[in-house]
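Add 4 to a position in the sequence shown, counting from 1, and you land on the number used in our numbering. Virtual Cβ for every residue (Gly too), placed ideally from N, Cα, C. Reading through the structure tokens given below for one structure.
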Amino acid sequence: MRIGEFARRAGVSTRALRYYEQQGMITARRTANGYREYSEADLKLVTEIRSLLGVGFTLEDARPFVACLRAGHESGGSCPESVAVYQRKLTEIDDEIRMLLARRAEVAAQLTTACPGCVLRKVGES
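Encoded structure:
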């Protein structure tokens with residue numbers, strides 16, 4: 005399929021597809037007149053990339069998942085390199101959560117000092 009249809013089906017812009025191609029994440033075949041052509045396998049790669057980007061992974065993080073799919077695995081997350089990225093990302097998220105909780109505790113302490121009668125909201129309350 006040509007780039008316009010592929011972009012529509014993948015839910016991305018043609019610019020994003022060109023960028024993924026430039027970064028070596030996907031490879032378009034070229035027709036005799038120079039048009040880019042993509043396959044269903046490419047659609048699976050872009051879907052995987054978009055899914056990972058959607059939950060906070062970087063394009064660089066997505067490389068092992070793409071390689072895993074290209075190697076013929078049903079899931080991009082089934083290879084050891086992908087599992088390592090999942091584990092590293094979870095560690096990063098846990099570190100961010102700890103940092104945010106510590107920052108929250110500091111701000112709550114400052115509020116308590118500044119406004120002794122103020123009610124502190126619990127985590128998750130609006």
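Drop a sphere of 10 angstroms on the beta-carbon of residue i, count the other beta-carbons inside from all chains shown, and report buried for 16 or more, exposed for fewer.
i, result
"M103", "exposed"
"Y39", "exposed"
"C119", "exposed"
"S82", "exposed"
"L73", "buried"
"P68", "buried"
"S86", "buried"
"V89", "buried"
"A75", "exposed"
"G121", "exposed"
"A11", "buried"
Measure the Cβ-Cβ separation of residue i and residue j and say whether it is below 8 Å.
i, j, result
"V59", "M29", "no"
"E25", "T31", "yes"
"L57", "A45", "no"
"L124", "A109", "no"
Is DSSP giving residue i helix, strand or coil here?
i, result
"E78", "coil"
"E25", "helix"
"P120", "coil"
"G58", "helix"
"E85", "helix"
"V16", "coil"
"E100", "helix"
"R125", "coil"
Pull the bridge partners of residue i from the DSSP assignment, please.
i, result
"E41", "R6 and R33"
Which residues in the same chain have their Cβ closer than 8 Å to the Cβ of residue i, if we skip the five residues on either side of it in sequence?
i, result
"A14", "L21, L47, V50, T51 and R54"
"G8", "T18"
Sorted by chain position, which residues of the same chain lie with C-beta nearer than 6 Å to residue i's C-beta, five sequence neighbours on each side aside?
i, result
"M5", "Y42"
Suppose the cutoff is 7 Å on Cβ atoms and the five residues either side in sequence are ignored; what does the same chain contact list for residue i look like?
i, result
"G80", "E52, F69, V70, C72, L73 and S86"
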